[in-house]
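Chemist: Using numbering that gives the first Met the number 0, the letters of the sequence shown map in sequence onto residues 0 to 542.
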Amino acid sequence: MKAAELLVKCLEEEGVKYIFGIPGEENIDLMDALLDSTINFIVTRHETSAAFMAGTYGRLTGKPGVCLATLGPGATNLLTGVANANMDLNPIVAITGQASLDRQHKISHQYYDLIHIYEPVTKWNAQIKKGEIIPEAVRKAFQVSTQDKPGAVHIDLPNDVAGMEVQGTPLKGIVHTLTEAGDQVIKQAAQLIEQAEHPLILAGNGITRGHAADQLRALVEKVNIPVVHTFMGKGALPWTHDLSLFTAGIGGNDYITCGFNHSDLIIAIGFDISEYAPSKWNPNGTTSILHIDTEEAETDQYYPVKLNVVGDIKQNLDKIHMVLSPKERNNSWVLNVRNKALAELQQFSDDTSFPLKPQKIISDLRAVLKEEDIVISDVGAHKVWMGRMFHTYQPNTCLISNGLASMGIAVPGAIGAKLAQPNRTVVAVCGDGSFQMTGAELETAKRLNLPIIVLLWRDEGYGLIEWHQLKKFNRPSHIKFGNPDFVQLASSYGFEALQINRAEELKPALEKAIAMNKPVFIDCPVDYSENMKLTEKLSHLQC
0 MKAAELLVKC LEEEGVKYIF GIPGEENIDL MDALLDSTIN FIVTRHETSA AFMAGTYGRL
60 TGKPGVCLAT LGPGATNLLT GVANANMDLN PIVAITGQAS LDRQHKISHQ YYDLIHIYEP
120 VTKWNAQIKK GEIIPEAVRK AFQVSTQDKP GAVHIDLPND VAGMEVQGTP LKGIVHTLTE
180 AGDQVIKQAA QLIEQAEHPL ILAGNGITRG HAADQLRALV EKVNIPVVHT FMGKGALPWT
240 HDLSLFTAGI GGNDYITCGF NHSDLIIAIG FDISEYAPSK WNPNGTTSIL HIDTEEAETD
300 QYYPVKLNVV GDIKQNLDKI HMVLSPKERN NSWVLNVRNK ALAELQQFSD DTSFPLKPQK
360 IISDLRAVLK EEDIVISDVG AHKVWMGRMF HTYQPNTCLI SNGLASMGIA VPGAIGAKLA
420 QPNRTVVAVC GDGSFQMTGA ELETAKRLNL PIIVLLWRDE GYGLIEWHQL KKFNRPSHIK
480 FGNPDFVQLA SSYGFEALQI NRAEELKPAL EKAIAMNKPV FIDCPVDYSE NMKLTEKLSH
540 LQC
């Protein structure tokens, strides 16, 4: 068989259902081999979108999403989405076509050394120089991608190698296992928790990756420790739980700041340091950290680790739970923080201002969705509001990219999410800036007949950048742009397009979109003057 055919057989052995990407001249052998495969190749409108789809699919399934591009500009376009998946710790396998081996020693059309280009943004990457190594290379790619902490890998396939005749068979996969912390370490961790007067749990996305939400809840309820979530850790503890302090991560004063200030031990569980800098929540570096994760903590002067509990998070939480004694605590301050945060959202539930305030949009969105439905937030001012105020019942139901945090992820991410979870409603929350970066994927969603909902927050500018500019300089700089008629644009792609002209129209429009079970686009003007009002309000926060 051809090397490209062997590669496809290896991907099938790994259980790959979808490959997202764009074909090119240098991967035509691979594209031809896919015609005879059980794998569904999904043509996207941009390579970055393909990687966003694969990354989201990988996050929700725990199995690597696969994306493909040709050499040169195809591969460099793919790079941003691969880097995003790697920093968000989503398993992904990227495959690129490449120039033939006989022209890689000189300046050549569309040729760049992709191994060196991809090296900083992947866990592992390699070029296939002989077709016979394909079974090993593919097996290693999937193994490395899913090993904790998960991330991106890259396989580069020159077009002459892809067409070579080879012999080989796919290698069988293996089941990953994580070690557990030793009994002595578990006892030390329990002692730290029992000795702390005011411990606080910082719940990260590692809890979701490790399927440890039930273990977290059992621990929390036994020793009555409040929990604050990172943006990507949302849902580890249901927002309705009395010990949930919702979400932190905006980088400045917030109600949750009081919890960090009050704490004498921060128990960081599954916390990814790239998401939320410790200098933001432990500014003096004086509060001790109990680090519970699959890897030892990153060195950071604001993250003074008292003890590392390394290994399987689920099993280690179980073991800590077993040796801890039940404990009551005076958590009246937790109720105070919860009430303030909830009141901020509830007071806008019946707001009739137009354009709509962010709080109103979130209130209506939360009201119409089921506990298990999925919202994907793009990057922009709306991400801050969604992170703070869209409260979740379950892990992986509000997906926020907060590692690389690349704009444009929501629409392609919603496509990946719907393929991974077809029975759940999936909503992409976008700003008009981020939407225009990957909005052409509306065609992809329509072609696949995926009933995703795109909820656009329209303000005619880069709202998050303006927010930062106003905070620092008290004036905006070069953040405004023009927009198309989004209703006509979405309609031209075949979406059902709805325009919001009054605040009272949003909730019925969302309910209608869910009931239609087809691709729907909702254009909703937003009033971002609330950004600076929030900044002013939180600047006077007294704990």
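Backbone N, C-alpha and C fix where the C-beta goes; we use that ideal spot for every residue, glycine too.
Values in this document were obtained by computation on a predicted structure and should not be read as measured data.
Which residue's Cα is closest to the Cα of Gln314: Leu497, Asp213 and Val120?
Modeler: Selected option, being the one with the closest Cα: Asp213.
Chemist: So the candidates are Leu341, Gly438 and Gly430; which of them puts its Cα closest to the Cα of Asp377?
Modeler: Checking every option, the nearest Cα to that of Asp377 belongs to Gly430.
Chemist: Along the chain, which unbroken stretches of the alpha helix (DSSP H) at least 4 residues long are found entirely within the region 86-155?
Modeler: Runs of the alpha helix (DSSP H) inside the region 86-155: 113-117 and 133-145.
Chemist: Measure the C-alpha to C-alpha separation of Ile288 and His320 and round it to an integer number of angstroms.
Modeler: Computed Cα separation, rounded: 18 Å.
Chemist: Could you round the C-beta distance between Leu454 and Val428 to whole angstroms and report it? I think they count as a contact, below 8 Å.
Modeler: About 5 Å; that satisfies the 8 Å criterion.
Chemist: At what residue ranges does the region 16-71 contain a whole run of the alpha helix (DSSP H), taking only runs of 4 or more?
Modeler: DSSP runs (the alpha helix (DSSP H)) wholly in the region 16-71: 27-33 and 46-60.
Chemist: So, under 8 Å CB-CB, Ala211 and Thr229 are touching, yes? Tell me the CB distance rounded to an integer number of Å.
Modeler: With a Cβ gap of about 15 Å, Ala211 and Thr229 do not count as contacting.
Chemist: On the DSSP bridge list, what partners appear for Ala496?
Modeler: Note: Ala496 sits in a beta bridge opposite Phe520.
Chemist: Consult DSSP for Ile179 and reduce its assignment to one of helix, strand or coil.
Modeler: Position check: residue 179 holds Glu in this sequence, whereas Ile was assumed. Note: Glu179 maps to coil in three-state DSSP.
Chemist: Would DSSP call Glu164 helix, strand or coil?
Modeler: Reduced to three states, the DSSP call for Glu164 is strand.
Chemist: May I have the straight-line CA-CA distance separating Pro450 from Arg501, to the nearest angstrom?
Modeler: Pro450 and Arg501: Cα-Cα distance of roughly 25 Å.
Chemist: Return the chain-ordered list of same chain residues with a C-beta closer than 8 Å to the C-beta of Lys187, the five sequence neighbours on each side being excluded.
Modeler: Note on identity: in this sequence residue 187 is Gln, with Lys being the wrong assignment. So the qualifying residues of the chain are Leu306.
Chemist: For Leu540, count the other beta carbons within 10 Å of its own beta carbon; 16 or more makes it buried, fewer makes it exposed. Which is it?
Modeler: It is exposed - the Cβ of Leu540 has fewer than 16 other Cβ atoms within 10 Å.
Chemist: Could you give the first and the last residue of the continuous beta strand (DSSP E) run that contains Gly430?
Modeler: Residues Val425 to Gly430.
Chemist: Going by the beta-carbon positions, is the gap between Gln126 and Gly234 smaller than 7 Å?
Modeler: For Gln126 and Gly234, no; Cβs fall outside 7 Å.
Chemist: Just to confirm, is the Cβ distance from Ala136 to Ala2 under 7 Å?
Modeler: No, these two residues do not count as a Cβ contact at 7 Å.
Chemist: Output needed for Ala404: all residues of its chain with C-beta closer than 6 Å, excluding positions within five of it in sequence on either side, in chain order.
Modeler: Only Val378 meet the Cβ criterion.
Chemist: Quick check: Pro421 and Thr437, are their CB atoms within less than 7 Å of each other?
Modeler: No, the pair does not count as a contact, with Cβ atoms beyond the cut-off.
Chemist: Short of 8 Å in beta carbon distance, which residues of its chain neighbour Thr396, apart from the five on each side in sequence? Order them along the chain.
Modeler: Correct list, in chain order: Lys233, Gly234, Glu370, Glu371, Asp372, Ile373 and Val374.
Chemist: According to DSSP, simplified to helix, strand and coil, what is His381?
Modeler: Of the three classes helix, strand and coil, the one that applies to His381 here is helix, per DSSP.
Chemist: For Gln146, which residues of its own chain have a beta-carbon under 7 Å away from its beta-carbon, when the five flanking residues on both sides are left out?
Modeler: The answer, listed in chain order, is His175.
Chemist: How is the alpha helix (DSSP H) around Asp363 delimited, first residue to last?
Modeler: Start and end: Pro357 to Val367.
Chemist: Please check the pair His45 and Ala439, which I expect to be a contact at CB under 8 Å, by giving their CB distance rounded to whole angstroms.
Modeler: Indeed they touch by this definition, with Cβ atoms about 7 Å apart.
Chemist: Can you tell me where the beta strand (DSSP E) holding His290 begins and where it ends?
Modeler: Residues Ser287 to Asp292.
Chemist: By a C-beta neighbour count over all protein chains shown, 10 Å radius and 16 as the cutoff for buried, is Asn338 buried or exposed?
Modeler: Exposed, by the Cβ-count rule.
Chemist: Under 6 Å Cβ to Cβ from Gln487, same chain only, skipping five residues before and after it: list those, please.
Modeler: Result list for Gln487: empty, nothing under 6 Å.
Chemist: Grab the span of the beta strand (DSSP E) containing Arg457 for me, first residue to last.
Modeler: Arg457 -> beta strand (DSSP E) spans Ile452 to Arg457.
Chemist: Three-state secondary structure (DSSP) at Ala202?
Modeler: Strand at Ala202.
Chemist: Let me confirm a value: Ile173 is counted as buried when at least 16 other C-beta atoms fall within 10 Å, else exposed. Which label applies?
Modeler: Burial call: exposed.
Chemist: For Gly150, which of Ala50, Ser99, Gln190 and Pro198 has the nearest alpha-carbon?
Modeler: Answer by Cα proximity: Ala50.
Chemist: Look at the alpha carbon of Ala508 and the alpha carbon of Ile360, and state the distance between them as a whole number of angstroms.
Modeler: Straight-line Cα distance between these residues: approximately 12 Å.
Chemist: Helix, strand or coil, according to DSSP, for Gly460 in the structure here?
Modeler: Three-state DSSP puts Gly460 in a strand.
Chemist: Between the Cα of Leu244 and those of Glu442, Tyr461, Phe389 and Pro475, spot the shortest distance and give me the residue it belongs to.
Modeler: Of Glu442, Tyr461, Phe389 and Pro475, the residue nearest in Cα terms is Phe389.
Chemist: Check whether the region 187-199 touches the region 267-284, taking contact to mean three or more Cβ pairs, one atom from each stretch, closer than 8 Å.
Modeler: In short, these stretches do not touch, since the Cβ pair count stays below three.
Chemist: Taking the continuous beta strand (DSSP E) assigned at Leu306, which residues delimit it?
Modeler: Per DSSP, Leu306 belongs to the beta strand (DSSP E) from Val304 to Val309.
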